[in-house]
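Before any comments, here is the structure.
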Ligand code: G6P
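In our numbering, the protein residues as written are 289 to 894.
Set out below in structure tokens:
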């Protein structure tokens, strides 16, 4: 989704801004722009990739040491030069980059137009510089504070005013912003990955806070305009983690990272002796968790699929009823909650607007709110009562891979933890943990030797795909379909194997292949009947099954073998072929795997 970079310092701003924008490319965008202040104020904008912006900048490289830049993911107004940020007032002296949505933009625009302001874009953002211009009496900090009382909605903002060129103004409400404190330079960004190259010392702004930053100084104010003290925090991620390390794409790198990322998710969290999980982030709420009678999991996209796997695990092994909700719907429900309900938000980025809105609502109603989040210090991690971090480093590819396997692993740890607080035996706890700790080696084994690229070559021309699975692997059917849709733009649908015959089987013919996730588990025989149903309607079948189970070779057109593990942990292994299949199909079709069209990595709007 939209990205922001701002720079004020002793060095040239342009390379820092452009490099920052490139680091944010993975979030998804359709146009970009820069405003830079040197001898004069210059702005450059382009539709498309950052290289288009570089072409527009051409030889014009400014010596300016202060500037703001933006990648835009269109919400109000199509992707165009006019709609690209930064946006300015009538004089061009005030420049603004903005993430989020200003909800009262229409009425503000009308009001400002009546006062004679001329608008040049269709964006909601443009009301901000005009409003600043309207109220400005020589103090940009004070003016922005007034503007923040008027605008409604979500924003991460950086403002530059040519009349006060020694500072940038930064404000946050619902859209993340981080201020990197370097040596004689300050770098602002919507995501730490754009800052890491310059400094690991950062300030995370909270909702309602505003900051005035110079190259060597900063002041932070709360929503009531009081000066407040903020801690400077250290980012734990390294710059190497946001490079491709020799892989053609971030997605491939992240798929291959999974043996290691999975290990990092459970390292230090397993007590074999006690057959339980040691989840430091839950210690303070452990007693409350013992009394929990119901769990609601709230998430979006891939994280929602994890939640569905978690539902099977938690109900079967911890004996707790679980519901899994799309955050975008949950936020509008009036859920029935009490002190014995735990709501778990699952989010890789920790910034997804719908997930955040969902948990804010339930916090007011007294439920215990937990997070399974990857991004340390992110908004969701700070809004929850307690939680567990994934510890997998940044996930850059829009199509989520290592976050999925890690989230399922954390849900397995949580299942053991809650199960052992209840009826799970020591032996069962030990067994699950042993199998979990064996998974990295099994993923490695699969990654080293598989037939996925060949299968992708065979089927990449298909226009439709069905993905089918049962029980623990049913959510994987949805996840496999989502992966393929996201990056290869092939229509794909995920089904519960048993549900196919109730209508959707009408779609099947010679040109409509089905991907079955059919490990040798408690529902294998049932899956087998569903495979036969597809085959008897001339549909091709690609089946994922457990190593050693040769019986499928007689029925399916192609078989993929994954190592054996516990039924509840199978999704962690079975998702790898689905990730690789989507990856290879997209690559063969020549698509930009890491930056799929129309998508954003972190969706910070509703
Ligand atoms: C976006 C991404 C998906 C991701 C979903 C939830 O739609 O494209 O890959 O699964 O957001 O993201 P989160 O950061 O909350 O896990």
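All C-beta atoms, glycine included, are put in the ideal place defined by N, C-alpha and C.
Taking the alpha carbon of residue 835 as the reference point, which residue from 828, 428 and 847 has its own alpha carbon closest? Here the question's residue 835 lines up with position 547 in the chain shown. Out of 828, 428 and 847, 847 has the C-alpha closest to the C-alpha of residue 835.
Under 8 angstroms between the Cβ atoms of residue 598 and residue 610? As a first step, residue 598 is located in the chain shown; it is residue number 310 there, counting from the start. As a first step, residue 610 is located in the chain shown; it is residue number 322 there, counting from the start. Yes, these two residues count as a Cβ contact at 8 angstroms.
So what's residue 621 in DSSP terms, helix, strand or just coil? Locating residue 621 in the chain shown gives position 333, counting from the first residue. Here residue 621 sits in coil by DSSP.
My parser needs the beta strand (DSSP E) runs of 3 or more residues fully inside the region 786-860; what are they? 802-805, 829-834 and 846-850
Quick check on the burial criterion: 16 or more other C-beta atoms within 10 angstroms. Buried or exposed for residue 620? Position 332 of the chain shown, counting from 1, holds the residue named residue 620. That one is exposed.
Closest Cα partner of residue 574 within the set 674, 544 and 660: Here residue 574 refers to the residue found at position 286 of the chain shown. Residue 574 has its Cα closest to that of 674, out of 674, 544 and 660.
Residue 887 beta carbon near the ligand G6P (any heavy atom closer than 7 angstroms): On the chain shown, position 599 is the one that residue 887 refers to. Answer for residue 887: yes, Cβ within range of the ligand G6P.
Supposed close pair residue 499, residue 435 - CB separation, criterion 8 angstroms: Residue 499 sits at position 211 when you count from the first residue of the chain shown. Residue 435 sits at position 147 when you count from the first residue of the chain shown. Their Cβ separation, rounded to whole angstroms, is 15 angstroms, which puts residue 499 and residue 435 out of contact at 8 angstroms.
Residues in its own chain within less than 7 angstroms of residue 725 by CB, not counting five upstream and five downstream? Counted from its first residue, the chain shown places residue 725 at position 437. The residues are 554 and 558.
Only counting runs of 4 or more residues, tell me where the alpha helix (DSSP H) segments fall wholly within the region 292-366, in order along the chain. 301-312 and 338-345
Give the straight-line distance between the Cα atoms of residue 235 and residue 699, rounded to the nearest whole angstrom. Because the chain spans 289 through 894 in this model, residue 235 falls outside it and cannot be assessed.
Bridge partners - residue 514, DSSP secondary structure assignment: As a position in the chain shown, residue 514 is number 226, starting the count at 1. Bridge pairing for residue 514: absent [DSSP].
Closest residue to residue 871 among 540, 731, 742 and 723 (Cα-Cα distance): The residue given as residue 871 occupies position 583 in the chain shown. The option with the nearest alpha carbon to residue 871 is 540.
Please determine whether the Cβ atom of residue 890 lies at a distance below 7 angstroms from any heavy atom of the ligand G6P. Locating residue 890 in the chain shown gives position 602, where the first residue counts as 1. Yes, the beta carbon of residue 890 sits closer than 7 angstroms to at least one heavy atom of the ligand G6P.
For residue 405: DSSP bridge partner residues: For the purposes of this step, residue 405 is identified with residue 117 of the chain shown, where counting begins at 1. DSSP, once it has assigned bridges, lists no residue as partnering residue 405.
Endpoints, the alpha helix (DSSP H) within which residue 552 is located: For the purposes of this step, residue 552 is identified with residue 264 of the chain shown, where counting begins at 1. 546-554 is the span of the alpha helix (DSSP H), which, as asked, contains residue 552.
Measure the C-alpha to C-alpha separation of residue 651 and residue 617 and round it to an integer number of angstroms. Here residue 651 corresponds to residue number 363 of the chain shown, with the count starting at 1. Here residue 617 corresponds to residue number 329 of the chain shown, with the count starting at 1. Between residue 651 and residue 617, the C-alpha separation is close to 17 angstroms.
Specify the secondary structure class of residue 433 as computed by DSSP and reduced to three states. The residue labelled residue 433 in the question sits at position 145 within the chain shown. Residue 433: helix per DSSP, three-state reduction.
Endpoints, the beta strand (DSSP E) within which residue 383 is located: The count along the chain shown starts at 1 and reaches residue 383 at position 95. Residues 382-387.
Residue interval of the beta strand (DSSP E) (run including residue 779): Along the chain shown, one-based indexing puts residue 779 at 491. Counted as a single uninterrupted DSSP element, the beta strand (DSSP E) harbouring residue 779 occupies residues 779-784.
Return yes when at least one heavy atom of the ligand G6P lies under 7 angstroms from the C-beta of residue 461, else no. Taking the chain shown and counting its residues from 1, one reaches residue 461 at position 173. Checking every heavy atom of the ligand G6P against the Cβ of residue 461, none is found closer than 7 angstroms.
I'd like to know if the region 806-826 and the region 847-858 are in contact, where contact means that at least 3 CB-CB pairs between them fall below 8 angstroms. yes
Please state the DSSP three-state secondary structure of residue 583. Against the chain shown, residue 583 aligns to sequence position 295. Strand.
To the nearest angstrom, report how far apart residue 479 and residue 844 are at their CA atoms. Your numbering for residue 479 matches position 191 in the chain shown. Your numbering for residue 844 matches position 556 in the chain shown. Taking the straight line from one Cα to the other gives about 45 angstroms.
Per DSSP, which residues does residue 507 bridge with? Please list them. Your numbering for residue 507 matches position 219 in the chain shown. Paired residue(s): 500.
For the region 328-347 and the region 389-407, state whether three or more C-beta atom pairs, one from each stretch, are separated by less than 8 angstroms. no
Three CB pairs or more closer than 8 angstroms across the region 499-514 and the region 675-692: A contact between stretches requires three or more CB pairs, one per stretch, nearer than 8 angstroms, and the region 499-514 fails this requirement with the region 675-692.
If we require 3 or more residues per run, which beta strand (DSSP E) segments fall completely within the region 630-695? 656-661 and 674-677
Inter-residue CB distance, residue 331 and residue 374 (contact presumed, cutoff 8 angstroms): Start at 1 with the first residue of the chain shown, and residue 331 comes out as number 43. Start at 1 with the first residue of the chain shown, and residue 374 comes out as number 86. Right, their Cβ atoms sit about 6 angstroms apart.
Does DSSP put residue 614 in a helix, a strand or coil? Looking up residue 614 in the chain shown gives position 326. Looking at residue 614 - three-state DSSP - the assignment turns out to be strand.
Contact check, residue 358 vs residue 291, beta carbons under 8 angstroms: On the chain shown, position 70 is the one that residue 358 refers to. On the chain shown, position 3 is the one that residue 291 refers to. Against a cut-off of 8 angstroms, the Cβ pair of residue 291 and residue 358 comes out as a contact.
Does the distance from the CB of residue 286 to the CB of residue 798 come in under 8 angstroms? Residue 286 falls outside the range modelled here, since the chain spans only 289 to 894, and no answer is possible.
Assigned exposure category for residue 628 - 16 Cβ within 10 Å defines buried: Start at 1 with the first residue of the chain shown, and residue 628 comes out as number 340. With fewer than 16 other Cβ atoms within 10 Å, it is exposed.
What does DSSP give as the partner residue(s) for residue 753 in the beta ladder? Taking the chain shown and counting its residues from 1, the one referred to as residue 753 is at position 465. DSSP output for residue 753 lists 780 as bridge partner(s).
Reduced DSSP secondary structure (H/G/I, E/B, other) of residue 462: As a working note, residue 462 is residue 174 in the chain shown. Here residue 462 sits in strand by DSSP.
Report yes if the C-beta distance between residue 719 and residue 607 is below 8 angstroms; otherwise report no. The count along the chain shown starts at 1 and reaches residue 719 at position 431. The count along the chain shown starts at 1 and reaches residue 607 at position 319. Going by C-beta atoms, residue 719 is not nearer than 8 angstroms to residue 607.
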